[in-house]
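Peer 1:
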């Protein structure tokens, strides 16, 4: 199976958000310069000779880099960009301005992903975000002026003291933004984060179910199609890079803490920045059995509303899914938590929220 997706990790942030558990370090100009030099050598060392369909630059906050550093990054990836390649960069509103967006546009970025979280300025302060609602609207307006045709925002629910009305207000603002994609995540309290240490209590299941229903209905009314548990897009604007993950395709990952998946092997970089900068990066290589690969493929694809492509599964593993999972399939097809339709195995609309419980039977 060809590898046609590339993830690039830039761990640098100007500040640390109260909920974040990603691999990140505070921005320092020399540190970033050194990191980019190592990153380029790592990318060159992959010797990629097949066209890439997607490139995704994540973090951290990639747009915390200064203008010269972003230009270096764009020049670094330019040889790998073709006319059909989706090129995404994650960003925070307070790290963007018109000139920086212009660098990204001219450098080949086709998809701008903006970490908004909420349009409520008081809630933003509670989670230690430095931007405001007005900043977000201004950056999106600049994006339109620069002809970015694919703009995505990340939003969150379950934030401290966030009300149903706050979420409804966020949804209503989306209508005026002319964006193509929304990722809407529930706050997860990760260990060693500020909110976890403050003993903040997460949403109960009933409240979360009501909020999910409200989000689904409102975004659908605005022309967004739900295509994954937490992701919604206008027609033909799904995240192709994330679809590669969910369809369990191969992908390269470079940079601190990044991972690659090549056939049955998972390769993970350590999070030790000094080791990475001194070319002593410790990677772990996990060789998965065929059974583990098939389960991972099933697990990821059932996150998608359309589900698992049964024909593709059989072609990839030379096994019909019934030969592998007859018992749990019979059980969940009978319960109607799973459905086979148009050549796909998928969760029904209500059961997708119970995916983790369903998957236990397939382990």
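In the UniProt record's numbering, the protein residues as written are 1 to 363. Quick reminder that beta carbons are idealized off the backbone N, C-alpha and C, glycines included. As the structure is a prediction and not an experimental result, all values here were calculated from the model.
#1: Sort out for me which residues DSSP pairs residue 262 with in a bridge.
#2: Whole angstroms is fine: what's the gap from residue 92's alpha carbon to residue 328's?
#3: Please name the residue in 12, 237, 213 whose C-alpha comes closest to that of residue 365.
#4: Among the candidates 255, 344, 279, whose CA atom is the shortest distance from the CA of residue 62?
#5: To which residues of the same chain is residue 308 closer than 8 Å at the C-beta, ignoring the five residues directly before and after it?
#6: Sort 268, 76, 137 by Cα distance to residue 151 and report the nearest one.
#7: Cβ of residue 9 less than 7 Å from any chain D Cβ?
#8: Among the residues of its own chain, which have a CB less than 6 Å from the CB of residue 361, if the five just before and after it don't count?
#9: When the distance is taken between beta carbons, is residue 337 closer than 7 Å to residue 358?
#10: Within its chain, find whatever has a CB closer than 8 Å to the CB of residue 162; leave out the 5 residues flanking it on each side and keep chain order.
#11: Mind checking whether residue 45 and residue 12 have CB atoms under 7 Å apart?
#12: Here's the rule: buried if 16 or more other CB atoms are within 10 angstroms of the residue's CB, otherwise exposed. What is residue 323?
#13: Express the C-alpha separation of residue 174 and residue 114 in angstroms, rounding to a whole number.
#14: What are the complete alpha helix (DSSP H) segments, minimum 4 residues, inside the segment 262-306?
#15: Hey, could you find the ends of the alpha helix (DSSP H) residue 186 is sitting in?
#16: Can you tell me which of the three DSSP states residue 171 falls into?
#17: Identify every run of the alpha helix (DSSP H) within the segment 12-58, keeping only runs that are complete inside it and at least 4 residues long; order them along the chain.
#18: Can you grab the Cα-Cα spacing for the pair residue 218 / residue 135, in whole Å?
#19: At 4 residues or longer, what runs of the alpha helix (DSSP H) sit wholly inside the segment 214-261?
#20: Here's a check: name, in chain order, each residue in its chain whose Cβ is nearer than 8 Å to the Cβ of residue 81, leaving out the five neighbours to either side.
#21: So, residue 96 versus residue 139, is the Cβ gap smaller than 7 Å?
#22: DSSP three-state label for residue 138, please.
#23: Please report the distance separating the alpha-carbon of residue 66 from that of residue 27.
#24: Count Cβ pairs between the segment 141-151 and the segment 180-190 that sit closer than 8 Å; are there 3 or more?
#25: Inspect the beta-carbon positions of residue 156 and residue 185 and report whether they are closer than 7 Å.
#26: By a C-beta neighbour count over all protein chains shown, 10 Å radius and 16 as the cutoff for buried, is residue 64 buried or exposed?
#27: Using the Cα positions of residue 372 and residue 250, report the straight-line distance between them to the nearest angstrom.
#28: Ends of the alpha helix (DSSP H) at residue 106?
#29: What's the gap between the Cα of residue 340 and the Cα of residue 330?
#30: Specify the secondary structure class of residue 332 as computed by DSSP and reduced to three states.
#31: How long is the line joining the alpha carbons of residue 29 and residue 14, rounded to whole angstroms?
#32: Please state the DSSP three-state secondary structure of residue 327.
#33: Residue range of the beta strand (DSSP E) that residue 154 falls in?
#34: Restricting to Cα atoms, I'd like to know which of 34, 240, 5 is closest to residue 48.
#35: Pick out whichever of 257, 232, 228 has its Cα sitting closest to the Cα of residue 245.
#36: Output the distance between the C-alpha atoms of residue 314 and residue 295, rounded to the nearest integer angstrom.
Peer 2: Quick look at the numbers:
#1: Indexing the chain shown from 1 puts residue 262 at position 262. In DSSP, residue 262 forms a bridge with 265.
#2: The residue given as residue 92 occupies position 92 in the chain shown. The residue given as residue 328 occupies position 328 in the chain shown. Rounded to the nearest angstrom, the two C-alpha atoms are 43 Å apart.
#3: Given a span of 1 to 363 for the chain in the structure shown, any question on residue 365 remains unanswerable.
#4: Taking the first residue of the chain shown as position 1, residue 62 is located at position 62. Here the closest residue by C-alpha is 255.
#5: If you number the chain shown from 1, residue 308 lands on position 308. Non-local C-beta neighbours of residue 308 in its own chain, meaning closer than 8 Å and more than five positions away in sequence, comprise 297, 298, 301, 302, 321, 344, 345, 346, ordered along the chain.
#6: Sequence index remark: in the chain shown, residue 151 carries index 151 (1-based). The residue from 268, 76, 137 with its alpha-carbon nearest to that of residue 151 is 137.
#7: Structure shown: chain D not included; a single protein chain is present.
#8: Taking the chain shown and counting its residues from 1, one reaches residue 361 at position 361. Counting only Cβ-Cβ distances below 6 Å, and skipping sequence neighbours, we find 328.
#9: In the chain shown, counting from the first residue as 1, residue 358 sits at position 358. In the chain shown, counting from the first residue as 1, residue 337 sits at position 337. Cβ distance < 7 Å, so residue 358 and residue 337 count as in contact.
#10: Counting from one through the chain shown, the residue named residue 162 turns up at place 162. Correct list, in chain order: 118, 120, 123.
#11: Position 45 of the chain shown, counted from the start, is the residue given in the question as residue 45. Position 12 of the chain shown, counted from the start, is the residue given in the question as residue 12. With respect to the 7 Å criterion, residue 45 and residue 12 are not classified as neighbours on the basis of their beta carbons.
#12: Sequence index remark: in the chain shown, residue 323 carries index 323 (1-based). Flag for residue 323 reads exposed.
#13: Here the question's residue 114 lines up with position 114 in the chain shown. Here the question's residue 174 lines up with position 174 in the chain shown. The alpha-carbon atoms of residue 114 and residue 174 are separated by roughly 13 Å.
#14: Under the rule that a run must span 4 or more residues, the alpha helix (DSSP H) segments found entirely inside the segment 262-306 read 273-277, 290-301.
#15: In the chain shown, residue 186 corresponds to position 186, counting from 1. Run containing residue 186: none in the alpha helix (DSSP H); it sits in the beta strand (DSSP E), 181-186.
#16: Residue numbering aside, residue 171 sits at position 171 when the chain shown is read from its first letter. If DSSP states are grouped into helix, strand and coil, residue 171 belongs with the helices.
#17: 29-46
#18: Position 218 of the chain shown, counted from the start, is the residue given in the question as residue 218. Position 135 of the chain shown, counted from the start, is the residue given in the question as residue 135. Whole-angstrom Cα-Cα distance: 24 Å.
#19: 240-246
#20: Indexing the chain shown from 1 puts residue 81 at position 81. For residue 81, where only same-chain residues beyond five positions count, the Cβ hits under 8 Å are 52, 55, 87, 108.
#21: Start at 1 with the first residue of the chain shown, and residue 96 comes out as number 96. Start at 1 with the first residue of the chain shown, and residue 139 comes out as number 139. Closer than 7 Å, so yes.
#22: Within the chain shown, the letter at position 138 stands for residue 138. DSSP places residue 138 in the helix class (H, G or I) of the three-state scheme.
#23: Position 66 of the chain shown, counted from the first residue, corresponds to residue 66. Position 27 of the chain shown, counted from the first residue, corresponds to residue 27. Those two C-alpha atoms are separated by around 10 Å.
#24: yes
#25: In the chain shown, counting from the first residue as 1, residue 156 sits at position 156. In the chain shown, counting from the first residue as 1, residue 185 sits at position 185. Contact: yes.
#26: If you number the chain shown from 1, residue 64 lands on position 64. It is buried - the Cβ of residue 64 has at least 16 other Cβ atoms within 10 Å.
#27: There is no way to answer for residue 372, as the model of the chain reaches only from 1 to 363.
#28: Along the chain shown, read from residue 1 onward, the residue named residue 106 stands at position 106. Element bounds for residue 106: 98-107.
#29: The residue given as residue 340 occupies position 340 in the chain shown. The residue given as residue 330 occupies position 330 in the chain shown. The straight-line gap from Cα to Cα measures roughly 11 Å.
#30: For the purposes of this step, residue 332 is taken as residue 332 along the chain shown, with counting starting at 1. DSSP places residue 332 in helix when its eight states are reduced to three.
#31: Counted from its first residue, the chain shown places residue 29 at position 29. Counted from its first residue, the chain shown places residue 14 at position 14. Their backbone Cα atoms lie some 11 Å apart in a straight line.
#32: If you number the chain shown from 1, residue 327 lands on position 327. It is helical.
#33: In the chain shown, the residue the question calls residue 154 occupies position 154. Taken as a continuous stretch (DSSP letters only), the beta strand (DSSP E) holding residue 154 covers 151-157.
#34: Residue numbering aside, residue 48 sits at position 48 when the chain shown is read from its first letter. Selected option, being the one with the closest Cα: 5.
#35: Stepping through the chain shown from its first residue, residue 245 is reached at position 245. Residue 228 is the option with its Cα nearest to residue 245.
#36: What you label residue 314 is simply residue 314 of the chain shown in a count that begins at 1. What you label residue 295 is simply residue 295 of the chain shown in a count that begins at 1. C-alpha separation (whole angstroms): 13 Å.
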